[in-house]
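Visitor: Chains A and B, in that order, are what the protein sequence lines are. This note's numbering numbers the first residue of the first sequence as -18 and each following residue consecutively. This note's numbering numbers the first residue of the second sequence as 188 and each following residue consecutively. Dropping the structure in here first, questions after.
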Amino acid sequence: MSGPAISTRGVTRDFKAGQQTITVLHGIDLDVKAGELTFLVGESGSGKTTLISIMCGILWPTLGEVEVFGTDIYDLSDDDLVEFRLQNIGFIFQQYNLIPSIDAASNAAVPLIAQGMDRHEAREKAAAMLEKLNIGDQAGKLPNQLSGGQQQRVAIARALVHEPRLVVCDEPTAALDAASGRRVMDLLREVAVAEDRACIIVTHDNRIFDMADRILVLEDGKVTHDGEHMPEDH
Amino acid sequence: MIWIAIRMLTGDPQKFFGLVFGIAFSTLLITQQLTIFVNLLERGASGVYNVSSADVWVMDPVSRTTDVAYAMPSTALDKVRGVPGVEWAVPHIRANASVRTKDGDLEGVAVIGVDDATLIGLPKNMIEGSVDVLSQPDSVIIDDVGTTRMFPDASPIGERLELNDQRAVIRGIADAIPSFTSTVVLYTKYSNALNFVPGTRNRLSFVLVGKADGLTSQELVDRIEAETGLRARTREQFARDGVDFIIENTGIPLNFGITVALGFIVGVAIVGLTFSLFIRDNIKQFGALKAIGVTNGTIRKMVAAQAGLVGLIGYGLGVLGTVGFIYAFSANPTFKGFYIPWQIPLISLVAVTLILALTGWLALRNVLKTEPASVFR
Ligand SMILES: Nc1ncnc2c1ncn2[C@@H]1O[C@H](COP(=O)(O)OP(=O)(O)OP(=O)(O)O)[C@@H](O)[C@H]1O
Ligand SMILES: [Mg+2]
């Protein structure tokens, strides 16, 4: 694979707060490579969630461009962008956002179903993914019959089931104790990191910083560090 | 995705049943009230419908309905008979009278005097006894409403009545469509009726006419009016007059209109509230779907499918409920002969569709407005 998986150029984002406009991101230029686990870290309010939302095509930048595997995603029409996400991006939401009334395998199968795959076929594929995540035996359970950790695995399965080229994950370990947090990261590295896939994880959990291949530090809407490890002063 | 939408809906039984109930309730209220309304209105024409063989009704120019009639001199009959195109013409008398029963109860009744010779003017069918009983002295035939009203426990056959101080004996029961007011009706021969109804000079209420072949009722009406100076109406026109009279002179269109409107409003309220609660509870999931890559168009279809399912079940239950209601009360003379005109379920279907379109649209707005980016918050 040549070139970066994702590149942002001059990405700026403003929010209107009442009368005044606050600029959350100031001209972000960065490249993310495939095949690596990339962390986006920074203090609360530094703009991590805003940036990752823009990188995965769910939040329009005020200025700037985002290319995902060569596609200028904010140049696409609304519907094309939705379709692009459906084909190329896997989401792991912090609150999982599983559908309570369908079972784990069906939840994990949602992207495939949305792509138009037959429901039963999609469910089978999803069940295989759950198997890979070691919760194959929970496939038939409803989300509220699962523990928090199991629900998260279902959410991970849903993010990976359609083999997206970009996986984004906001604060996967925030609600977990240190050991569980590391286990989830191990799992993500195992199932999510692949040769032609970029995987970006937003976190401010310093207990897992050592598990990144690459760390981008965001401070007040600017990238202040880009390297394999955290800078000394953090 | 439709499957997911349906599961989202049925996975929350409380709201699902709330929605179905709301639609069923609205449908029931609208269908049932409209049914009663239309049937009650048609009661205004029962006097016409009960005399199935008359093509044309002739009356004094000021008469308006079978129950609001001004008497004519008996010469009117001969005048009508003289009009070409009149196959037959018979006298018909309708008057109010008071009856004292054996137990001493007082009841206002309608006395209908039918032609002595042909008995034209009687309802087509008898429930008990034959029309021939009228040839016996003082005989009257009571209608079935009268039977349930005045003799709920035992057969009225052979019962003696004091009818405006005259003796009358019930010898048969007619199968008649009740009047708007469900007044007890006593049928008797024209000559008998003249005795029962206290005498003024003019007592002929109507002349019932059968038309000859080769001309329409309307042509005959025009001819009778031109030649006699009396008012003539075709059967259909006169039935319509009876209905119009009720519409113009009672508050029932307004009353039923209000109830139907209430049914609609309550439907909008229950369904709208439940629908928005349901959507609000699932807004995160909808947001996640949008982020993952479900288009607004598909989301619309999902909500439409949810509304459609609720509508189908609720509407079905509501119509079934109305049918059940009509069926359950069919023995009650107030509801005798009630039927559901096909237009009414159609109207409530339109109402239900409106309710769901309105509430679905309101609920959908929130989903469509939800930014996919909100899922990371
Ligand atoms: N929709 C919005 N409207 C207005 N302001 C917003 C909106 N989203 C984010 N912000 C503001 O942008 C700034 C950055 O928010 P963001 O969520 O990106 O931070 P974060 O680094 O993810 O923080 P945390 O670690 O707490 O999740 C904050 O000051 C926030 O208040
Ligand atoms: Mg955040």
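For each residue, glycine too, the CB sits at the ideal point set by N, CA and C. Bear in mind the structure is a predicted one, so any value in this text is a computation, not a measurement.
With a threshold of 8 angstroms between beta carbons, is Pro216 (chain A) in contact with chain B?
Guide: Limits of chain A in this structure are -18 at one end and 215 at the other, which puts residue 216 (chain A) out of reach.
Visitor: Name the DSSP beta bridge partners of Glu200 (chain A), please?
Guide: A:Lys203.
Visitor: If we require 4 or more residues per run, which alpha helix (DSSP H) segments fall completely within the region 278 to 360 of chain B?
Guide: With a minimum length of 4 residues, the continuous alpha helix (DSSP H) runs that stay inside the region 278 to 360 of chain B are 331 to 337.
Visitor: Of all the CB atoms in chain B, is at least one closer than 8 angstroms to the CB of Ala95 (chain A)?
Guide: Closer than 8 angstroms to some Cβ of chain B, the Cβ of Ala95 (chain A) qualifies, so yes.
Visitor: Counting C-beta neighbours from all protein chains within 10 Å, is the total for Gly416 (chain B) 16 or more, i.e. buried, or is it exposed?
Guide: Result: exposed.
Visitor: Does DSSP put Glu46 (chain A) in a helix, a strand or coil?
Guide: Three-state result, Glu46 (chain A): strand.
Visitor: Going by the CB atoms, is the gap between Ile299 (chain B) and Leu391 (chain B) shorter than 8 angstroms?
Guide: No, the Cβ-Cβ distance between Leu391 (chain B) and Ile299 (chain B) is not below 8 angstroms.
Visitor: Is the separation between the beta-carbon of Phe72 (chain A) and that of Val174 (chain A) shorter than 8 angstroms?
Guide: The answer is no: Cβ separation not under 8 angstroms.
Visitor: Applying the criterion that 16 or more other CB atoms from any shown protein chain within 10 Å of the CB defines a buried residue, is Leu555 (chain B) buried or exposed?
Guide: Result: exposed.
Visitor: Listed in chain order, which residues of the region 444 to 467 of chain B have Cβ atoms closer than 7 angstroms to some Cβ of chain A?
Guide: Correct list: empty, as no residue qualifies.
Visitor: For the region 23 to 36 of chain A, enumerate the residues whose C-beta is nearer than 9 angstroms to any C-beta of chain B, in chain order.
Guide: Per Cβ criterion, the list reads Thr30, Thr31, Ile33, Ser34 and Ile35.
Visitor: Compute the distance between the beta-carbons of Leu293 (chain B) and Leu496 (chain B), then report whether it is under 8 angstroms.
Guide: Cβ distance not < 8 angstroms, so Leu293 (chain B) and Leu496 (chain B) don't count as in contact.
Visitor: Quick check: what's the CA-CA separation for Phe20 (chain A) versus Leu6 (chain A)?
Guide: Phe20 (chain A) and Leu6 (chain A): Cα-Cα distance of roughly 17 angstroms.
Visitor: For Tyr526 (chain B), is the classification buried or exposed, using 16 other Cβ atoms within 10 angstroms of its Cβ as the cut-off for buried?
Guide: Exposed: under 16 other Cβ atoms inside 10 Å.
Visitor: Determine, using beta carbons only, whether Phe74 (chain A) comes closer than 8 angstroms to chain B.
Guide: Yes, because at least one Cβ of chain B sits closer than 8 angstroms to the Cβ of Phe74 (chain A).
Visitor: Determine the burial state of Glu209 (chain A): buried for a count of at least 16 other Cβ atoms within 10 Å of its Cβ, exposed for fewer.
Guide: Burial call: exposed.
Visitor: So, using beta-carbon positions, are Gly450 (chain B) and Pro92 (chain A) closer together than 8 angstroms?
Guide: No, the Cβ-Cβ distance between Gly450 (chain B) and Pro92 (chain A) is not below 8 angstroms.
Visitor: For Leu373 (chain B), which of helix, strand or coil comes out of DSSP?
Guide: Looking at Leu373 (chain B) - three-state DSSP - the assignment turns out to be strand.
Visitor: Leaving aside the five residues before and after Gly(-9) (chain A) along the sequence, list all residues of the same chain whose C-beta is less than 8 angstroms from its C-beta, in chain order.
Guide: Gly8, Ile9, Asp10, Leu44, Gly45 and Glu46.
Visitor: Please list the terminal residues of the continuous beta strand (DSSP E) segment that includes Ser(-12) (chain A).
Guide: Ile(-13) to Ala(-2) is the extent of the beta strand (DSSP E) around Ser(-12) (chain A).
Visitor: Beta strand (DSSP E) containing Trp244 (chain B): first to last residue?
Guide: Counting along the chain, the beta strand (DSSP E) containing Trp244 (chain B) begins and ends at Val243 to Met246.
Visitor: With a threshold of 6 angstroms on Cβ separation, who are the neighbours of Leu321 (chain B) within its own chain once the five nearest residues in sequence on each side are excluded?
Guide: Answer for Leu321 (chain B): Lys376, listed in chain order.
Visitor: If you compare alpha carbons, which of B:Gly333, B:Leu545, B:Glu412 and B:Asn553 is closest to Trp244 (chain B)?
Guide: Here the closest residue by C-alpha is B:Glu412.
Visitor: Does the region 341 to 350 of chain B come close enough to the region 310 to 328 of chain B to have 3 or more Cβ pairs within less than 8 angstroms?
Guide: Yes, the region 341 to 350 of chain B touches the region 310 to 328 of chain B.
Visitor: CB of Lys29 (chain A) to nearest heavy atom of ligand 1: below 7 angstroms?
Guide: Indeed, a heavy atom of ligand 1 lies less than 7 angstroms from the Cβ.
Visitor: Quick one: using the 10 Å Cβ neighbour count with 16 as the cut-off for buried, is Thr205 (chain A) buried or exposed?
Guide: Exposed.
Visitor: Using the rule of at least 16 other Cβ atoms within 10 Å of the residue's Cβ for burial, across every protein chain shown, is Met(-18) (chain A) buried or exposed?
Guide: Below a pLDDT of 50, predicted positions are generally treated as unreliable, and Met(-18) (chain A), at 48, falls in that range; the measurement from the model is reported next regardless. That one is exposed.
Visitor: Can you give me the Cβ contacts of Trp275 (chain B) inside the same chain, cut-off strictly under 6 angstroms, excluding the 5 residues immediately before and after it?
Guide: Around Trp275 (chain B): Gly397.
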